Structure formats: C-alpha cells, structure tokens
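Step one of this worksheet: look at the structure below.
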Amino acid sequence: MEPLDTDLEYVSHEPRPTTPGSRLGALLIFPILGVLILLTFIGAAIFQWNISDLIDTFVGLMLVFFVAFIVMLFWAFAPRANQA
Numbered sequence: 020m021e022p023l024d025t026d027l028e029y030v031s032h033e034p035r036p037t038t039p040g041s042r043l044g045a046l047l048i049f050p051i052l053g054v055l056i057l058l059t060f061i062g063a064a065i066f067q068w069n070i071s072d073l074i075d076t077f078v079g080l081m082l083v084f085f086v087a088f089i090v091m092l093f094w095a096f097a098p099r100a101n102q103a
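With my numbering, letter number 20 in the sequence shown gets 39, and the count goes up by one each step, no holes.
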C-alpha cells in the first residue's frame, strides 16, 4: 500500500489587482453617446429632418448625461474599499 499524501498546500485566491484606470474605462460611454447625438444632428442637417419636437428631449438627455457623468467621476476616482 502506498502512503497517503497528506501535505496540504493552501492556496489563497486573492482578487487580481486592478489598475487605477479600470474604473475610468466606464466613462467611455459618454463620448460614444456624444458621437451618436452629434451624428443625429448631422443627419438632421443633411437630410433636413424636423427635430424641433425632439429638442426638449435632447436637452433633458444632456442634463441627465451631465449628472450621470459627475456621479461616475466621483465613483471612478473614489478609493477602493480593499485599499483602506
């Protein structure tokens, strides 16, 4: 009979270290949304779309995007909980 291997090796599973810019990558959604809004305005200028009814909605969206951007900036630059 072979002897049992009772030497246990405990491996700790630590979370992988994140780079400081990993949260800032989430902010890339705002330039993408800005390009989409810009393409909408360019399309309206080229194809003469009537967007006068949508202007109030666009202004409201811009205000919501501004507030969301400020909130995400605070979230992105906040210190991590495990680095206290």
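Glycine included, each C-beta is placed from N, C-alpha and C at the ideal position.
None of these values were measured; they are calculated from a predicted model.
Alpha carbon of residue i to alpha carbon of residue j, nearest angstrom
| i | j | result |
| --- | --- | --- |
| V54 | I61 | 10 angstroms |
| S71 | R42 | 37 angstroms |
| A63 | N69 | 7 angstroms |
| F66 | H32 | 57 angstroms |
| L73 | V86 | 20 angstroms |
| R19 | T25 | Nothing in the structure corresponds to residue 19, since the chain is present only between 20 and 103. |
| T59 | F77 | 10 angstroms |
| T38 | F93 | 17 angstroms |
| A103 | L23 | Note that A103 scores 48 on pLDDT, short of 50, meaning its location in the model is unreliable; the coordinates nonetheless yield the value given after this. The straight-line gap from Cα to Cα measures roughly 43 angstroms. |
| G44 | M81 | 20 angstroms |
Beta-carbon proximity check, residue i vs residue j, cutoff 8 angstroms
| i | j | result |
| --- | --- | --- |
| L57 | F84 | no |
| T47 | M91 | It is worth fixing the name first, because residue 47 is Leu in this sequence and not Thr. No; because the gap between Cβ atoms is not below 8 angstroms, this pair is not in contact. |
| F49 | F96 | no |
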